[in-house]
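Colleague: Protein chains in written order, with the working numbering: chain B, 368 to 584; chain A, -5 to 236; chain P, 505 to 726; chain S, 103 to 344; chain Y, 103 to 344.
Where is the CB? At the ideal position from N, CA and C, for every residue including glycine.
It should be emphasised that the depicted structure is a prediction, and the values quoted were computed from it without experimental measurement.
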Amino acid sequence: MMGFYFSRLVEIYPFFLKGLWMTSKIAFISLVTCTLIGFVLGVIRSSNNIILKRIVGVYVAFVRGTPFVVQIFIIFFILPDWGLQLDAFPAALLAMAIMGSAFICEIVAGGINSIHKGQWEAATSSGLTMIQQLRLVIVPQAMKVILPPLVGQYVLLIKDTSVVSVIGVMELTRVGWVTVVRIPEGLMVFSLVGALYFSISYPLILLSNYLERKMAI
Amino acid sequence: SSTLSEIVKRGELRVAVQSGAAPYAFIDKHGEHTGSMVDFTRGMADAMGVKIKILDFDWDGLIPALLSGKADILAADMTPTLKRALKISFADPWMSVQTCVFTKTGAGYQSLEDVNKPDITVGVLLGSTGETIAKQYLPNAKIKSYKGGGRMIIQALLAGHVDAGVNDDLAVLTALPDFPPNSIRLLDKRLGGKAPLSFAVLHESVNLWQWINLYFETIRSNGAYDKNIAYWMEGIEWKKDH
Amino acid sequence: MLVDFNFRIIFEYLPLFLTGLRSTCFIAVVSIALALATGIIACACRISGVKAIKYPAIAYIEIIRSTPLLVQIYFLYFGLPTLGLRVPELQTGILALMLNSGAYIAEIIRAGITSVDDGQLEAGTASGLNYFQRMRFIILPQALGVTIPPLLGQNIVLVKDSALLSLISVMELTRCGQTMTSERFMPAEAFFTVAFFYMCIYFCLKALADWSQRKLIFREAY
Amino acid sequence: MIEFKNVNKWFGKLHVLNNIDLKISKGEVLVICGPSGSGKSTLIRCINRLEKIQKGEIIVNNTPVHDKHTNLTKLRAQIGFVFQQFHLYPHMTVLQNVMLAPVNVKKLAKSEAEKIALEKLEQVGLTEKSSAYPAQLSGGQQQRVAIARGLTMSPEIMLFDEPTSALDPEMIGEVLDVMVNLVSEGMTMCVVTHEMGFAKKVAHRVLFMDEGKIVETGTPDDFFDNPKTDRAAEFISKILTH
Amino acid sequence: MIEFKNVNKWFGKLHVLNNIDLKISKGEVLVICGPSGSGKSTLIRCINRLEKIQKGEIIVNNTPVHDKHTNLTKLRAQIGFVFQQFHLYPHMTVLQNVMLAPVNVKKLAKSEAEKIALEKLEQVGLTEKSSAYPAQLSGGQQQRVAIARGLTMSPEIMLFDEPTSALDPEMIGEVLDVMVNLVSEGMTMCVVTHEMGFAKKVAHRVLFMDEGKIVETGTPDDFFDNPKTDRAAEFISKILTH
Ligand SMILES: Nc1ncnc2c1ncn2[C@@H]1O[C@H](COP(=O)(O)OP(=O)(O)OP(=O)(O)O)[C@@H](O)[C@H]1O
Ligand SMILES: Nc1ncnc2c1ncn2[C@@H]1O[C@H](COP(=O)(O)OP(=O)(O)OP(=O)(O)O)[C@@H](O)[C@H]1O
Ligand SMILES: [Mg+2]
Ligand SMILES: [Mg+2]
Chain B
368 MMGFYFSRLV
378 EIYPFFLKGL
388 WMTSKIAFIS
398 LVTCTLIGFV
408 LGVIRSSNNI
418 ILKRIVGVYV
428 AFVRGTPFVV
438 QIFIIFFILP
448 DWGLQLDAFP
458 AALLAMAIMG
468 SAFICEIVAG
478 GINSIHKGQW
488 EAATSSGLTM
498 IQQLRLVIVP
508 QAMKVILPPL
518 VGQYVLLIKD
528 TSVVSVIGVM
538 ELTRVGWVTV
548 VRIPEGLMVF
558 SLVGALYFSI
568 SYPLILLSNY
578 LERKMAI
Chain A
-5 SSTLSEIVKR
5 GELRVAVQSG
15 AAPYAFIDKH
25 GEHTGSMVDF
35 TRGMADAMGV
45 KIKILDFDWD
55 GLIPALLSGK
65 ADILAADMTP
75 TLKRALKISF
85 ADPWMSVQTC
95 VFTKTGAGYQ
105 SLEDVNKPDI
115 TVGVLLGSTG
125 ETIAKQYLPN
135 AKIKSYKGGG
145 RMIIQALLAG
155 HVDAGVNDDL
165 AVLTALPDFP
175 PNSIRLLDKR
185 LGGKAPLSFA
195 VLHESVNLWQ
205 WINLYFETIR
215 SNGAYDKNIA
225 YWMEGIEWKK
235 DH
Chain P
505 MLVDFNFRII
515 FEYLPLFLTG
525 LRSTCFIAVV
535 SIALALATGI
545 IACACRISGV
555 KAIKYPAIAY
565 IEIIRSTPLL
575 VQIYFLYFGL
585 PTLGLRVPEL
595 QTGILALMLN
605 SGAYIAEIIR
615 AGITSVDDGQ
625 LEAGTASGLN
635 YFQRMRFIIL
645 PQALGVTIPP
655 LLGQNIVLVK
665 DSALLSLISV
675 MELTRCGQTM
685 TSERFMPAEA
695 FFTVAFFYMC
705 IYFCLKALAD
715 WSQRKLIFRE
725 AY
Chain S
103 MIEFKNVNKW
113 FGKLHVLNNI
123 DLKISKGEVL
133 VICGPSGSGK
143 STLIRCINRL
153 EKIQKGEIIV
163 NNTPVHDKHT
173 NLTKLRAQIG
183 FVFQQFHLYP
193 HMTVLQNVML
203 APVNVKKLAK
213 SEAEKIALEK
223 LEQVGLTEKS
233 SAYPAQLSGG
243 QQQRVAIARG
253 LTMSPEIMLF
263 DEPTSALDPE
273 MIGEVLDVMV
283 NLVSEGMTMC
293 VVTHEMGFAK
303 KVAHRVLFMD
313 EGKIVETGTP
323 DDFFDNPKTD
333 RAAEFISKIL
343 TH
Chain Y
103 MIEFKNVNKW
113 FGKLHVLNNI
123 DLKISKGEVL
133 VICGPSGSGK
143 STLIRCINRL
153 EKIQKGEIIV
163 NNTPVHDKHT
173 NLTKLRAQIG
183 FVFQQFHLYP
193 HMTVLQNVML
203 APVNVKKLAK
213 SEAEKIALEK
223 LEQVGLTEKS
233 SAYPAQLSGG
243 QQQRVAIARG
253 LTMSPEIMLF
263 DEPTSALDPE
273 MIGEVLDVMV
283 NLVSEGMTMC
293 VVTHEMGFAK
303 KVAHRVLFMD
313 EGKIVETGTP
323 DDFFDNPKTD
333 RAAEFISKIL
343 TH
């Protein structure tokens, strides 16, 4: 029986590649967007503007406080009632961007806050403007602190793309899911799915570990 | 403007299905949507002269998808009930099935009484007609609901998660060949009457609703309907092709 | 839409949501307890010098960290029966959460242990304390201080992750939302209620984490 | 040149600066000392508005520092600040550290800024280290770079906050030498320090602070040999005994 | 009491201790000075085996320190060590810090250990702070607690590694006072420090290190006023000029 299922699994490998491609596409686009948004929010969150800081804080709390599945459902099924009608793919990207940017925002804010106050003061007393201080002095140094957890967060985000399968995006997990319905050999199907995720995530984990060691010096 | 003219203007008919429910709608080995209902809706799109877009959902995503305007037609093995009809409109039934009880061959359950016991767990599909019927006919048994199509119950049964399953007989019968031979047995007695299956649309889409009815009338008379049913429901020929 | 928002339905389903809430809390508490044990053992193996237990621990941690929880859940859910193990959904789900969180907790604990200043250890060594005494009196109490906030953070993650158990038919909070949707076709009401309850849990845990952060991390003495 | 008029500052309930009145004239070298927490750093940090004040007025070169409309960038270009912990930018070379402000605040061309930066580095005796990173330098060298950085905008005033107290004893001398040179060029300087040798050698005036107040002020010889107040006498005896 | 016989130590390729021969007799107070990185800390850390040596022998009270069979716990109980950065345990009160070793190494009863701990705290003048946490104390007070902790096992030898160089100038005195008291009680002491006042007042011998070697040794007066080597003369002039 195993052998029979295995040959059927081999037969449909293009389908798995399609899923892998979809997963990579979602991951790549959403990582880029949420990095950009996350940095902007992170700078705001570490600033002194109490009102903006609070607003970002509420946003972050909402995203961190609710499961990603629920967020996706809300974006996909409920936002249309308020006039935002999105297909599964853009909805998945939006959900990923919203979730990822909230987490990256916290990492960036943490990195900026970790820079010794003296660096701000030294830059201030040379007469640099706020933006110059950030761009020339603070962010380049904060990158050291930001980079390792950022790459770690990328891994988490890539893995979270599996959840967008619930709104019908044919990515890797959903491919596994519809396959297991045809080939009732879960161990085999999901080992394969797991191995494909591993092949994307593990290099990034290694990179994150490497950065952590390197930046620690 | 009416839903129908919107579809034509858009050039695309959007259909919500639940993959994993062979032979109604599932994904073949090339990763393409296929199945009896997929064929019907393809025919509808052809008749309208538009492209088709299949949207794939879990069972509990189907109705939200329709309500939130993601899809024009809900094409699932869904029975029109009065409660459901409060929110969406069902077209005339295109098919009817009966609810059956199935168990493992070796389990030795014979009658409904055998499975209507407190120590028996019965698997049903979340929100399906089977769920309602199981609650009604097997009040003593524990009901456990599953998502993701009729095969999930069979797998749960074989894995020992449940002692019996309740689902429509057609879905069970067509799924059986994918599982080890003679591992599953249907109890003789069917539950309830014939349960119709219908396509659904939003209340507002009256014109689309009429159009679907007309469509089925048409294909029934020109033989396309019978061909579809013969291929998908009455044989297992399709398994070779998909 | 907000005009349509049907609070009556929410109240009608409140008992169901409360059961779901209880179930989610139960799953969270049991899984985190088991995960803690798993994490401690995995971490102990990970930092030990014995290769026969060190490398399996590393493999376990790295595999878990580089595959999605959802895939792990499906893997166990569909896979355990293939191995002839009959594990009910709830237990399968708890097992998945335990294995998943355990790997992260192992890393949190490891970070906690390495965070204690070397100088502290040297001071202990210089006063003649042996390895176990240094662990017990100097490292662990301080490591605990720095570990508890991220552990609570992991608990928050776990509570949210438990939502994925809805996909294997475990009756918890998210699943209640889905049940309500499939019975009443009111997704907005269902999902916002679910989100609301998760937010409640989140704020409790967050408050606890912040409190412990303030309370337990001893500021450096110089 | 610098004038404090009835300046008051609180950190929450803590009254860190209590009715400070003080005039520093052009070319004057002022040494500030006092026990830890007495407000020395706060005092000089208010001069270039690294800290805000709640009452009173500080006037630098006829500009009210704590006025909303003051052009801070222009003000700060006239004031160089050197910190106890150097606070060099670790991700930039020595030359980049020194060039940063001329290029970005004065908008000088790179080549011109580099010329100025090298001049200042020569002044502190570190020309050959211009392409090293701060982490590759000893503490004394780092502090000299920090002084060059402070000088690079050609300020009229230099403020030093315990510039030698984070240094190994061997390196204190080289930093003090650079500062003595600055004095001989006629720079206006405010130095928080406990280096009595330096104070005796170059200071025009010593100011002793305690609990946010200026307790005593006088020439170095007067102050160290004949302190007028008990508190100052006690303090001096403490830093002298060991 | 302590004897170094041809001791050599490398960190990787760096030869940190180069043929060290040294005898310290009972009751002697030895001050070690030298430029940063010369191996001072490493030298005294070898005495209680916080660092291993690669060649040679160190003998403390007739026990070869770097022998496999040496009972380290017993050895370390005879030696108190005070670090530059105090290294108090931040999660314990002052009293708990001081009691930790007697209770756990000597296995004394709590009450007895407490008695000893309070005695030692009195010796450093901190009885009233016994229930405070380290973070609530000033630097000088923390270092005095660290000394009390070092004394709590009634050691015959006390090692100090720059005990005052992380302190504010005002607090250096209070720590040195405690150390001077120890000298007057006849404790054998090795002190790495640059506090010349202290060295002149109480040291029996000063040892000057550079690049892992003992360059010069002599009485404090001899050493500071008439250094024999150029390197020492240069070093002394540097720490004296300011
Ligand atoms: N940002 C701040 N917030 C609250 N309190 C502060 C802040 N900065 C300084 N203080 C407090 O103000 C008082 C004066 O601080 P300041 O740094 O001016 O003292 P100092 O004389 O420079 O001391 P030291 O010699 O230790 O540098 C201290 O009690 C300090 O704790
Ligand atoms: N654990 C270690 N690994 C590698 N090199 C080390 C280590 N500890 C010290 N060193 C190096 O050994 C040399 C001597 O160090 P040591 O700490 O003994 O110097 P020191 O005389 O105490 O200097 P300082 O006055 O700065 O404390 C230095 O060059 C230092 O960088
Ligand atoms: Mg200060
Ligand atoms: Mg040292």
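Under the assumption that residue 2 (chain A) contacts residue 69 (chain A) (Cβ atoms under 8 Å), give the Cβ distance between them as a whole number of angstroms.
Modeller: No, residue 2 (chain A) and residue 69 (chain A) are not in contact; Cβ-Cβ is about 19 Å, not under 8 Å.
Colleague: By the 10 Å Cβ neighbour count, where 16 or more other Cβ atoms means buried, how is residue 182 (chain S) classified, buried or exposed?
Modeller: When all chains shown are included, residue 182 (chain S) counts as buried.
Colleague: Taking residue 664 (chain P) as the reference, give the member of B:391, B:430, B:565 with the closest Cα.
Modeller: Residue 664 (chain P) has its Cα closest to that of B:430, out of B:391, B:430, B:565.
Colleague: Is any heavy atom in ligand 1 found nearer than 8 Å to the beta carbon of residue 288 (chain Y)?
Modeller: Answer for residue 288 (chain Y): no, Cβ out of range of ligand 1.
Colleague: Can you tell which of B:500, B:495, B:485 has its C-alpha closest to the C-alpha of residue 179 (chain S)?
Modeller: Residue 179 (chain S) has its Cα closest to that of B:495, out of B:500, B:495, B:485.
Colleague: Which residues, in order along the stretch 257 to 288 of chain S, keep a beta-carbon less than 7 Å from a beta-carbon of chain Y?
Modeller: So the close ones are 270, 271, 272, 274, 275, 278.
Colleague: Beta carbon of residue 161 (chain Y), beta carbon of residue 111 (chain Y): below 9 Å?
Modeller: Not in contact: residue 161 (chain Y) and residue 111 (chain Y) (Cβ atoms no closer than 9 Å).
Colleague: Could you tell me how far apart the beta carbons of residue 58 (chain A) and residue 691 (chain P) are, in whole angstroms, since I believe they sit closer than 8 Å?
Modeller: Right, their Cβ atoms sit about 4 Å apart.
Colleague: Is the Cβ of residue 340 (chain S) closer than 9 Å to any Cβ of chain Y?
Modeller: Taking Cβ atoms only, chain Y reaches closer than 9 Å to residue 340 (chain S), which makes this a yes.
Colleague: Start and end of the alpha helix (DSSP H) containing residue 512 (chain P)?
Modeller: Counting along the chain, the alpha helix (DSSP H) containing residue 512 (chain P) begins and ends at 511 to 551.
Colleague: Under 8 Å from any heavy atom of ligand 1, does the C-beta of residue 142 (chain S) make it?
Modeller: The answer is yes for residue 142 (chain S).
Colleague: With 8 Å as the C-beta to C-beta threshold (strictly closer), list the residues of the stretch 161 to 178 of chain A near chain B in chain order.
Modeller: From the stretch 161 to 178 of chain A, only 172, 173, 174 have a Cβ closer than 8 Å to chain B.
Colleague: Could you tell me how far apart the beta carbons of residue 262 (chain Y) and residue 295 (chain Y) are, in whole angstroms, since I believe they sit closer than 8 Å?
Modeller: About 7 Å separates the two Cβ atoms, so the contact holds.
Colleague: List the whole-angstrom C-beta distance separating residue 121 (chain A) from residue 548 (chain B), where the pair is believed to meet the contact cut-off of C-beta under 8 Å.
Modeller: Contact doesn't hold; Cβ gap of about 18 Å is too wide.
Colleague: With a threshold of 9 Å between beta-carbons, can residue 190 (chain Y) be considered close to chain P, or not?
Modeller: Cβ-Cβ to chain P under 9 Å: yes for residue 190 (chain Y).
Colleague: Can you give me the start and stop residues for the beta strand (DSSP E) that residue 209 (chain S) sits inside?
Modeller: Segment: none, residue 209 (chain S) is in no beta strand (DSSP E) and carries neither H nor E.
Colleague: Given that residue 24 (chain A) touches chain B, what residues does it touch there, using C-beta distances under 8 Å?
Modeller: Correct list: 379, 381, 382.
Colleague: Name the chain B residues whose beta carbon is nearer than 8 Å to that of residue 691 (chain P)?
Modeller: Here the neighbours are 440, 444, 445.
Colleague: With 16 as the cutoff for other CB atoms within 10 Å, does residue 473 (chain B) come out buried or exposed?
Modeller: With 16 or more other Cβ atoms within 10 Å, it is buried.
Colleague: Let's test the definition: count the other Cβ atoms within 10 Å of the Cβ of residue 216 (chain A) and tell me whether it reaches 16, buried, or not, exposed.
Modeller: Residue 216 (chain A) is exposed by the Cβ-count criterion.
Colleague: With a threshold of 7 Å on Cβ separation, who are the neighbours of residue 36 (chain A) within its own chain once the five nearest residues in sequence on each side are excluded?
Modeller: Contacts found: 46.
Colleague: Heavy atom of ligand 2 less than 8 Å from the Cβ of residue 76 (chain Y), yes or no?
Modeller: This structure cannot speak to residue 76 (chain Y), because chain Y is shown only from 103 to 344.
Colleague: For the stretch 597 to 605 of chain P and the stretch 554 to 562 of chain B, state whether three or more C-beta atom pairs, one from each stretch, are separated by less than 8 Å.
Modeller: Contact fails: fewer than three Cβ-Cβ distances are below 8 Å.
Colleague: For chain P, check one thing: does any of its Cβ atoms lie closer than 9 Å to the Cβ of residue 225 (chain Y)?
Modeller: Not closer than 9 Å to any Cβ of chain P, the Cβ of residue 225 (chain Y) fails to qualify, so no.
Colleague: Kindly list, in the order they appear in chain A, the residues whose Cβ is closer than 8 Å to that of residue 685 (chain P).
Modeller: Result: 54, 57, 58.
Colleague: Applying the 10 Å Cβ sphere with the 16-neighbour rule, what's the burial state of residue 521 (chain B)?
Modeller: By the neighbour-count rule (16 or more Cβ atoms within 10 Å), residue 521 (chain B) is buried.
Colleague: I want to see whether chain B comes within less than 9 Å of residue 578 (chain P), judged by CB atoms only; does it?
Modeller: Answer yes: the Cβ-Cβ gap between residue 578 (chain P) and chain B drops below 9 Å somewhere.
Colleague: Would you say residue 516 (chain B) reaches chain A, if we count a Cβ-Cβ gap shorter than 9 Å as a contact?
Modeller: Chain A, which has no Cβ nearer than 9 Å to the Cβ of residue 516 (chain B), makes this no.
Colleague: Against residue 153 (chain A), what residues of chain P qualify as contacts under a CB-to-CB distance less than 7 Å, listed in chain order?
Modeller: Correct list: 585, 590.
Colleague: May I ask whether a heavy atom of ligand 3 can be found less than 8 Å away from the beta carbon of residue 186 (chain S)?
Modeller: Correct: residue 186 (chain S) has its Cβ closer than 8 Å to ligand 3.
Colleague: Please list, in chain order, all residues of the same chain as residue 14 (chain A) whose beta carbon is under 7 Å from its beta carbon, the five residues on each side excluded.
Modeller: Same-chain partners within the cutoff: 20, 142, 143, 145.
Colleague: If you measure between the beta carbons of residue 150 (chain A) and residue 16 (chain A), is that distance less than 9 Å?
Modeller: Not in contact: residue 150 (chain A) and residue 16 (chain A) (Cβ atoms no closer than 9 Å).
Colleague: Specify the secondary structure class of residue 105 (chain Y) as computed by DSSP and reduced to three states.
Modeller: Residue 105 (chain Y) falls in the strand class under three-state DSSP.
Colleague: May I ask you to report which of helix, strand or coil DSSP gives residue 314 (chain S)?
Modeller: Of the three classes helix, strand and coil, the one that applies to residue 314 (chain S) here is coil, per DSSP.
Colleague: Which of the three DSSP states is assigned to residue 689 (chain P) in this structure?
Modeller: Here residue 689 (chain P) sits in coil by DSSP.
Colleague: Should residue 533 (chain P) go down as buried or exposed, given a rule of 16 or more other Cβ atoms within 10 Å for buried?
Modeller: The residue in question, residue 533 (chain P), is exposed, as its Cβ has fewer than 16 Cβ neighbours within 10 Å.
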